[in-house]
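Visitor: Starting off with a structure, shown below.
Number of protein chains: 2
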Amino acid sequence: MALIVQKYGGTSVSSTERIKNVARRVARWRALGHQLVVVVSAMAGETNRLIALARELQAHPEPRELDVMVSTGEQVTMALLSMALMELGLKARSYTGAQVKILTDSAHTKARIVSIDEALIRKDLAEGRVVVVAGFQGVDEQGNITTLGRGGSDTTGVALAAALKADECQIYTDVDGVYTTDPRIVPEARRLKTVTFEEMLEMASLGSRVLQIRAVELAGKYQVKLRVLSSFEEESDGTLITFEEDQTMEQASISGIAFNRDEAKITILGVPDRPGIAYQILGPIGDANIDVDMIVQNVSHDGTTDFSFTVHRSDYAKTLKLLEPVVKHIKARGVESGDKIAKVSVVGVGMRSHAGIASAAFRTLAEEGINIEMISTSEIKISIVINEKYMELAVRALHKAFGLEQPG
Amino acid sequence: MALIVQKYGGTSVSSTERIKNVARRVARWRALGHQLVVVVSAMAGETNRLIALARELQAHPEPRELDVMVSTGEQVTMALLSMALMELGLKARSYTGAQVKILTDSAHTKARIVSIDEALIRKDLAEGRVVVVAGFQGVDEQGNITTLGRGGSDTTGVALAAALKADECQIYTDVDGVYTTDPRIVPEARRLKTVTFEEMLEMASLGSRVLQIRAVELAGKYQVKLRVLSSFEEESDGTLITFEEDQTMEQASISGIAFNRDEAKITILGVPDRPGIAYQILGPIGDANIDVDMIVQNVSHDGTTDFSFTVHRSDYAKTLKLLEPVVKHIKARGVESGDKIAKVSVVGVGMRSHAGIASAAFRTLAEEGINIEMISTSEIKISIVINEKYMELAVRALHKAFGLEQPG
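Structure below.
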């Protein structure tokens, strides 16, 4: 008998018919003798509907009131799933985040979980109940309802699994696992049976379609065994996210090719190479709550260097504006920038022990005539910025070059 | 400066436009220097939408889960109204029933309020906030979310006014007060400036369109000054429901003509007149959770009497079936019954001091050729059962006979 936490996303509970399907799946796990805690999201579309209502009243809805409101989405689903389970003859009981005391800080709309009081859940499990918990929400010390931010239900699932020391946390979604790359671009893309936490973190662009990165981090911290599964397919075992590297000899060196075209790149030319200069450039950008992704600075010539970084495209214009006084102030030579870029990343823990991955990647792109604009690397990832028009070509070529279509 | 509790019903908050109107009205009261606590219902239609969803999963939704679910309706409205108030520059904060600790018993879907912890509300009021509270809901000792039953938001409003010792509880609805009778039947019907609690209770058929009877009872118990107002008209002062009789000399003897055609009458003929017989008849009916309204038993002849009562039409067939063995057992002569009846009631605290009201009512009906089938009286009400086809005629004739179209 295992204790399993399952989380079902919005598309898995988008109608009462689908909720009945979820109930049947839960019932099958229960019939195998397992204890079940089930975390649910709001019915697909409901959170957006509520936010739209709020925006009819306030352009920027007050966060505390917004949280009170959007948290009702999960509250409805949890009750519906409990009813569906009872209808199958199971004992079930639902709880809001406040009721099971998912204590968070008071950062409305993006609260962090501080602790979970699991006593109530353990009692219900001992009495043979399936416990259904509203995802995405908690309560602060003062009793205010908080939410964990978009996709926060994944985080709720992992946090509950950690607090209960569950045997496995299963994230049911509309894809059946993590793939070597996006199958829409590379039809030969293959589902990974396992992937490490570090790889998941680096493969944000692939993984975030499947699972909140924050939930992955939390799973890593508490060593929660995390599995991504499809709620629409019965047969697949999904992808298991492990916190140990696969020790088998046959380990593939590369796990996947990630990519995105959400970024813009900015290069400041002729930056005087002196201490504090990076902070002078990025300080105002950080203060404006703009996230910087890649940062590249090469060795200097004649006391000056070029300083490049990428930001989200939606922050591109604002960032350029913020830089104008900075460029003047530090007496840089100028700015070069562009938002028609794509970032393609080769990810794999195997890189650590396999030399030549980077050069193989560069050669592949060269053979396709694709010019490389920026490069940055970590221990398990090589990210390459190219012209966005070559993105699909680059992804397909790299996927093939590293043999990712072959079963690992 | 007064402390005022306002309650807005579902039609008053049925869209964000209407919620803005409510906010503007609250702001005007606030501008006069008053402290405001505002109780809101779910947006019109929302509670029914949620119940329909639940019924897709369970024919009879489990009460605890149903309460968790339908309570979200008010939770959404309270946040929207808070946002609308902030947008007008007011300080506002919303609370669920659980958050302000409206403690109830655990009778899900029809819970009773046990106590309200008003400390949080008082603190917010002292800090200049408008406090918005979700109507219709509470929380039991174990932290389960409960609801107070249909129209329970009125009860929440009155209970808050009682706990806070508010100067007035204003119930905003889609009619602007209590009328001498239904204006759809008698166009000359007049809005009452005041009506006593007892009259409200007796005028259920008129009053219940406006206000939950249970809320009226609660207001009477705690002597809460209760006013019914329209949320769509600005000018009207509505109807004040008082717990003291009007002591002026010019007091009208009659306040209104109530009526309904929801009932059916049943007469058991030749009932042996002996102790315990009424219980033998009505016991099985009460056990079946059927409410009995009027009960009439006249003096006996030759040791037998006729025993009549009315039930809701929807319980008519079931009641007749339940009576079959009873009639045999008590050896009654038979049953006479009919569901084509109407009950017309003349209501007024003035009756107590004015003789001849009953005979004036009977004369009026006689003049119109309307036969009286049953009569029952209380201190402030005369109820008359007639053939339902005469109902409108009887209401109009009585309204005129007692001069109710004249300003009181």
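One line per chain: the protein sequences are F and G, in this order. Count the first sequence with our numbering and you get residues 1 to 408, in order. Count the second sequence with our numbering and you get residues 1 to 408, in order. Where is the CB? At the ideal position from N, CA and C, for every residue including glycine.
1) Under 8 Å between beta-carbons, which chain F residues line up against I266(G)? List them in chain order, please.
2) Pick out the complete beta strand (DSSP E) segments inside the segment 95-156 of chain G, 3 residues or longer, and give them in chain order.
3) Please state the DSSP three-state secondary structure of L50(G).
4) What is the rounded straight-line gap between the Cα of E263(F) and the Cα of N387(F)?
5) Quick check on D339(G): does DSSP put it in helix, strand or coil?
6) Cβ of S71(F) versus every heavy atom of the ligand ADP: is any distance shorter than 7 Å?
7) Can you tell me which of the three DSSP states N260(G) falls into?
8) Report the residue ranges of all beta strand (DSSP E) runs contained in full by the segment 360-403 of chain F; include only those spanning at least 3 residues, in chain order.
9) In chain G, which residues lie with their C-beta within 7 Å of the C-beta of S94(F)?
10) Which residues of the segment 265-284 of chain G have a Cβ closer than 8 Å to any Cβ of chain F? Give them in chain order.
11) Check whether chain G comes within 8 Å of L125(F), counting only Cβ atoms and requiring the distance to be less than that.
12) Runs of 3 residues minimum, wholly inside the segment 161-188 of chain F: which ones carry the beta strand (DSSP E) assignment?
13) So, helix, strand or coil for E91(G), using DSSP?
14) Answer yes or no: does any C-beta atom of chain F fall closer than 8 Å to that of A54(G)?
15) Write down the C-beta distance between Q212(F) and D154(F) rounded to the nearest angstrom, noting that I regard them as a contact closer than 8 Å.
16) So if DSSP puts Q297(G) in a beta bridge, which residue, or which two residues, is it bridged to?
17) Where do the N-terminal and C-terminal ends of the beta strand (DSSP E) with T11(G) fall, by residue?
18) Got a sec: is the Cβ-Cβ distance from I19(F) to anything in chain G below 8 Å?
19) May I ask you to verify whether the segment 13-33 of chain F touches the segment 104-124 of chain F, counting CB pairs closer than 8 Å and requiring at least 3?
20) Grouping DSSP H, G and I as helix and E and B as strand, with all else coil, what is I281(G)?
21) Rounded to whole angstroms, what's the CA-CA distance from A342(G) to I145(G)? Just pull it up for me.
22) Looking only at DSSP bridge pairs, what is P407(G) linked to?
23) If you reduce the DSSP assignment to three classes, tell me which class G33(F) lands in.
24) Taking Cβ positions only, does E250(G) come closer than 8 Å to chain F?
25) Output, in chain order, the set of chain G residues within a Cβ distance shorter than 8 Å of G143(F).
26) Residues of chain F with CB closer than 8 Å to the CB of V76(G), please, in chain order.
27) Who are the neighbours of Q6(G) on chain F, taking C-beta pairs under 7 Å?
28) Flag M391(G) as yes if its beta-carbon sits less than 8 Å from any beta-carbon of chain F, otherwise no.
29) Please check if any C-beta of chain F sits within less than 8 Å of the C-beta of S82(G).
30) For a contact defined as C-beta to C-beta under 7 Å, what are the partners of E87(F) on chain G?
31) Look up K265(G) in the DSSP assignment and give the residues it is bridged to.
32) Helix, strand or coil for R191(G), going by three-state DSSP, please let me know.
33) Do you know offhand how far M249(G)'s Cα is from Y8(G)'s?
34) Using a Cβ cut-off of 8 Å (strictly closer), state whether A258(G) contacts chain F.
35) Against chain G, with Cβ distances strictly below 8 Å, would E411(F) count as a contact?
36) Report yes or no: is there a C-beta of chain G within less than 8 Å of the C-beta of T16(F)?
Guide: Well, looking at it:
1) In chain order: nothing, as chain F lies at least about 38 Å away.
2) 102-104, 113-116, 130-134, 137-139 and 145-147
3) helix
4) Taking the straight line from one Cα to the other gives about 11 Å.
5) coil
6) No copy of the ligand ADP occurs in the structure displayed, which carries no ligand at all.
7) strand
8) 374-378 and 381-387
9) E65 and V68
10) Of all residues in the segment 265-284 of chain G, none has a C-beta nearer than 8 Å to a C-beta of chain F.
11) no
12) 168-173
13) Reading off the sequence, residue 91(G) comes out as Lys, not Glu. If DSSP states are grouped into helix, strand and coil, K91(G) belongs with coil.
14) Yes - at least one Cβ of chain F is within 8 Å of the one on A54(G).
15) 4 Å
16) F307(G)
17) First-last for T11(G): undefined, no H or E at that position.
18) yes
19) With a cut-off of 8 Å, the segment 104-124 of chain F and the segment 13-33 of chain F do not count as touching, because too few Cβ pairs lie within range.
20) helix
21) 40 Å
22) In the DSSP output, where bridge partners are listed per residue, P407(G) has none listed.
23) coil
24) Only weak support is given to the placement of E250(G): the predicted model assigns it a pLDDT of 46, under 50, and the value that follows is read from those uncertain coordinates. Taking Cβ atoms only, chain F never reaches closer than 8 Å to E250(G), which makes this a no.
25) Proximity of chain G to G143(F) at the Cβ level (cut-off 8 Å) is accounted for by Q99, in chain order.
26) L50, L53, M69 and T72
27) What Q6(G) touches in chain F: nothing, since even the nearest Cβ is about 18 Å away.
28) Taking Cβ atoms only, chain F never reaches closer than 8 Å to M391(G), which makes this a no.
29) The Cβ of S82(G) sits closer than 8 Å to at least one Cβ of chain F.
30) The contacting residues are L57 and Q58.
31) T310(G) and G338(G)
32) strand
33) Interpretation of M249(G) is limited by its pLDDT of 45, a score under 50 that renders its predicted location unreliable; the figure taken from the coordinates is listed afterwards. Between M249(G) and Y8(G), the C-alpha separation is close to 35 Å.
34) No, A258(G) lies away from the interface with chain F (no Cβ there is under 8 Å from its Cβ).
35) For chain F, the structure presents residues 1 to 408; residue 411(F) sits outside this window and is missing.
36) It does: the Cβ of T16(F) has a partner Cβ on chain G nearer than 8 Å.
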